[in-house]
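If you read the protein sequences in the order shown, they are chains A and B.
Mapping of the first sequence onto our numbering: position 279 corresponds to residue 279, and the numbering continues sequentially without gaps.
Mapping of the second sequence onto our numbering: position 259 corresponds to residue 561, and the numbering continues sequentially without gaps.
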Amino acid sequence: MASIAMTSQAEDRVLQPSQLTLFFRYLRRNKSLAIGLTVLLLLVLFTVFGLIAVNPKHAYPLSAPTKRPPSLEYIFGTDFFGRDLLAAMAVGMWQTAVIGVVAGALGTFIGVVLGFVSAYFGGWIDNIIRGICQILTPIPVLLIQVVVASSLDKRDVTILTMALIVVMLAWMGPTLVIRAQVLTMKERQFVSVAKLSGVSDLGIIFKEILPNLLPFIAAAFVGQVFGAVFASFYLAVLGLGPLREPLLGNIIWAAQGQGAFFNGWWWWPIEPAVAMILILGSLALIIMGLDELANPRVRKSE
Amino acid sequence: MGTFRLVVRRLLFLIFVIWAASTITFFIPHLSSRNAIRERFAQLARTGGFAPADLEKIIANMQHQFGLDRPLLQQYGDYLWSVVHLDFGYSLNKYPSTVLDLIAQSLPWTIGLLFVTTILSFVIGNLLGAISAWPKAPTWMRTVATPFVLLTGVPPVLMGVLLIFFVGFKLKLLPLGGAYSVGIVPNWSWGFAWDMLVHQILPALALILGSVGGWVLSMRGMGITIQGEDYVNFAEHKGLGGVVIFRDYYLRNALLPQVTGFALALGTLVTSAIVVEGIFGLPGIGTVLQLAIQSNDFPVIYGIVLFITITVATLMVALEFIYPLLDPRIRQQ
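Here it is, written out as structure tokens:
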């Protein structure tokens with residue numbers, strides 16, 4: 001990225017809009033990214049203010065009267081076990097976010113490293129990494145996660161181990177995406193020029209290829225967060241989550257186990273379900289938006 | 303000769319995948335500190351009350367019967383051999399019945415639900431996606447697809463919860479769950495068949511609504527790229543009718559990658575069906591799995607996981623053999 005020499009006078013005349021204005025202008029064109037980010041921001045605000053406003057202890061059993069429908073005192077109602085669902089939702093969303101971000105970051109990191117190694121060095125390393133990815137792809141990941149989660153001692157299942165279980169089999173996607181991108185980038189001229197002018201392997205990777213990959217890495221990260229939230233939700237709905245925690249999937253699992261709909265306690269399963277739909281929906285919209293950002297060809301077709 | 307080698311290579315790949323899956327389901331439980339038999343009998347001892355000394359003897363005896371006191375590698379070999387025979391051992395909770403018995407009892411429910419919903423959502427999704435990308439389709443037809451696209455991110459389970467709430471709980475149109483009404487004894491009558499069918503509508507709807515959007519999106523993307531192709535332009539200039547172009551030039555070409563996508567989506571489809579069954583309390587494999595998880599019935603958990611993995615991987619490879627039927631270019635090579 002060469003900087004063009006400009007006289008100070010010329011610099012004064014060219015009024016560059018700030019980065020923020022440019023960002024908002026782009027958002028106006030990219031509707032799905034804008035809507036997704038807005039919903040996600042609202043969810044984050046709910047979680048943060050919720051955590052400040054309520055006592056997190058009320059998210060755990062026996063802290064409130066049981067089976068109260070939503071009212072002024074308990075806006076979201078309380079459940080069979082005596083949890084204030086407002087507190088449970090705030091804590092549960094926070095835990096969901098922790099799982100998503102931890103697993104997303106880890107999965108993306110592993111994927112980027114493996115993808116780079118695989119594409120840049122090629123040969124037998126590439127063959128091994130690609131082979132493992134290919135063999136693991138037809139295996140339904142959730143089922144393997146079920147095996148791992150059910151083999152664990154119930155006391156060992158925490159928010160953090162949930163994230164680790166989810167990430168164990170989720171790195172193949174980003175690995176293959178980054179590998180494909182590095183493969184095409186390796187042949188571009190700016191890389192050849194750098195190589196000919198004696199830049200080291202690491203220099204090429206960090207200075208030439210990595211900056212160009214950032215949109216893809218960002219998209220892979222959001223995809224990983226989506227996958228992690230989705231997978232941990234499924235595990236929790238199956239009853240494999242940390243049962244004491246008010247994780248959103250756990251609340252639905254508990255509500256179904258107590259026959260919430262049959263007994264008329266509709267608010268109990270509906271609230272975590274709506275929250276989960278908003279989380280996954282906003283992430284899906286952001287993924288679509290980033291796809292457009294990273295892949296201008298999609299933009300053209302609109 | 304070429305096809306023969308391809309078939310052999312894909313079959314070898316399939317065997318490799320099954321080996322990898324069985325290795326994972328063998329070693330992960332062995333790495334953990336949980337002892338299924340000990341947990342089960344400790345639970346029984348708490349309720350049944352036999353002496354601790356006897357308990358140790360029973361556990362040792364059971365471990366011997368299940369072959370758990372032999373060296374790890376020998377167990378691994380035995381395990382692989384039994385997987386080849388589709389023998390997943392006995393259920394701990396319903397002892398005389400094997401895991402395969404439990405699977406066989408529940409499988410028809412799951413297959414019925416999956417078969418209907420998968421085909422319906424694939425057909426509906428691809429048609430809607432193709433229409434929404436087709437510039438000559440009327441505007442109202444193209445906008446039909448939009449609500450489905452908005453539902454893409456919603457997993458079928460959550461769709462199920464919402465459907466139970468709105469259709470079952472608020473409107474009281476359909477039952478809240480279960481395979482048939484409480485108090486009815488299963489029998490061969492039209493009334494019972496109708497009752498069963500009514501109970502299947504919501505789970506099926508949840509699965510269809512949850513997966514149609516994905517097909518719409520990918521089909522639309524495919525349709526948009528095909529529109530610019532020369533052969534479509536050529537067909538238009540030849541004066542072919544819109545329906546012929548849509549069906550033979552457009553849908554036919556866009557469908558091939560969709561079949562690949564279908565093979566890749568199989569795993570997700572099956573897992574969604576399993577979780578949805580659990581939410582609705584249908585007596586399929588999903589509910590058996592959920593009950594096994596609740597009661598720590600490890601052989602059942604691992605058996606079901608392995609069984610589904612083998613089935614999905616086999617179907618994926620089988621779908622690849624269908625390509626030549628769909629694509630004349632592959633057939634000629």
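Positions of the beta carbon are idealized from the N, C-alpha and C atoms, including for glycine.
Item	Value
Chain A within 8 Å of B:Ser334, Cβ atoms only	yes
Proximity below 8 Å, CB of B:Thr412 to CB of B:Ala565	no
Straight-line gap, B:Glu384 to A:Pro61 (C-alpha atoms, nearest Å)	The sequence as given places Ser at residue 384 of chain B; Glu does not occur at that position. Those two C-alpha atoms are separated by around 44 Å.
B:Leu608 vs B:Ser334 beta-carbon contact at 8 Å	no
B:Asp403 (DSSP reduced to helix, strand or coil)	helix
Within 8 Å, strictly: CB atoms of B:Leu617 and B:Leu568	yes
Residue interval of the alpha helix (DSSP H) (run including B:Gly580)	554-582
Simplified DSSP assignment, three categories, for A:Asp79	coil
Residue nearest to B:Phe494 in terms of C-alpha spacing, selected from B:Pro410, B:Ile433, B:Ser483	B:Ser483
Under 8 Å between C-beta atoms of A:Phe121 and A:Ile178	no
Nearest neighbour of A:Ser150, chosen from A:Glu271, A:Ala59, A:Leu235 [CA to CA]	A:Leu235
Inter-residue Cα distance where the pair is A:Trp94 and A:Leu160	13 Å
Spatial distance of B:Leu409 from B:Phe417 (CA atoms)	12 Å
Integer Cβ distance of A:Ile139 from B:Thr611, believed to fall under 8 Å	5 Å
Simplified DSSP state of B:Tyr392, which is helix, strand or coil	strand
Distance between B:Ile405 and A:Ala32 (C-alpha atoms, nearest Å)	First, the amino acid is wrong: residue 32 of chain A is Ser here, not Ala. Roughly 43 Å between the two C-alpha positions.
Inside the region 469-536 of chain B only - beta strand (DSSP E) runs reaching at least 3 residues	none
Euclidean distance between Cα positions of B:Leu452 and B:Gly515	7 Å
Cross-chain neighbours of A:Phe230 in chain B, by beta carbon under 8 Å	Pro457
Partners in chain A for B:Gly649, counting only beta-carbon separations shorter than 7 Å	Shown here, chain B extends from 303 to 635; a query on residue 649 of chain B therefore has no answer.
Contact set between A:Pro269 and chain B, taken where Cβ atoms lie within less than 7 Å	Val463
Contact the region 455-472 of chain B vs the region 546-561 of chain B: 3+ CB pairs below 8 Å	no
Where the region 606-627 of chain B meets chain A: residues whose CB sits under 7 Å from a CB there	Val607, Ile610, Thr611, Val614, Ala615, Met618
Contact under 8 Å by Cβ, A:Leu238 with A:Val146	yes
Other residues of its chain near A:Met162: CB distance less than 6 Å, five sequence neighbours each side excluded	Ile99, Ser232
Listed by chain order, chain A residues near B:Gly512 by CB distance under 8 Å	Per Cβ cutoff of 8 Å: no residues; B:Gly512 is ~11 Å from chain A at best.
Close beta carbons around A:Pro70, own chain, < 7 Å, minus the five adjacent residues each side	Phe76, Gly77, Trp267
Three or more C-beta pairs below 8 Å linking the region 251-259 of chain A and the region 120-135 of chain A	no
In DSSP terms, what A:Asp84 is bridged to	A:Thr78
Sequence-distant residues of its chain with Cβ nearer than 7 Å to A:Met276 (five each side left out)	Phe233, Leu248
Cutoff 8 Å: B:Thr305 Cβ touching any chain A Cβ	no
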